Amino acid sequence: VDVEASQLIPTLVPVALDTSLSVVQRMRKAMGLNAPPAKLKGFKAAECKMFCDGMRTILDIRNAVSAEFGAVPVADVLQHFRDLEQQGAVTIRRKK
Numbered sequence: 001v002d003v004e005a006s007q008l009i010p011t012l013v014p015v016a017l018d019t020s021l022s023v024v025q026r027m028r029k030a031m032g033l034n035a036p037p038a039k040l041k042g043f044k045a046a047e048c049k050m051f052c053d054g055m056r057t058i059l060d061i062r063n064a065v066s067a068e069f070g071a072v073p074v075a076d077v078l079q080h081f082r083d084l085e086q087q088g089a090v091t092i093r094r095k096k
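In our numbering, the protein residues as written are 1 to 96.
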């Protein structure tokens with residue numbers, strides 16, 4: 001998991017105002033309705049997004065969050081970003 005996380009770089013997707021009817025569907029998806037409960041919540045989840053700058057890898061972000069809050073499993077941070085990617089909140093690219 002560490003090797004995979006060290007190769008993936010998340011980038012936040014800019015939020016645009018949408019007044020179409022499909023906004024309800026996207027809100028349900030973003031809120032995680034019908035999704036399994038998140039393992040990463042609260043300040044840890046928020047801090048992951050704060051460190052998401054398009055340059056840090058998921059492993060870098062995990063290490064920074066662990067430095068602040070104590071040990072955080074790499075798998076939890078990786079899954080958090082995969083969930084955000086499914087919600088359309090981030091894109092994840094492979095490190096070159």
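Every residue gets a Cβ at the ideal spot worked out from N, C-alpha and C, and that includes glycine.
Model, not experiment: these values are computed from the prediction.
Query	Result
Sort out for me which residues DSSP pairs I58 with in a bridge.	Answer is none; I58 lacks a bridge partner.
What's the call for V65, buried or exposed, on a 16-neighbour Cβ count within 10 Å?	buried
Please confirm whether A89 and L8 have their CB atoms less than 8 Å apart.	no
Going straight from the alpha carbon of T57 to that of A75, what length do you get?	13 Å
Since V74 is in the alpha helix (DSSP H), which residue starts that stretch and which ends it?	74-86
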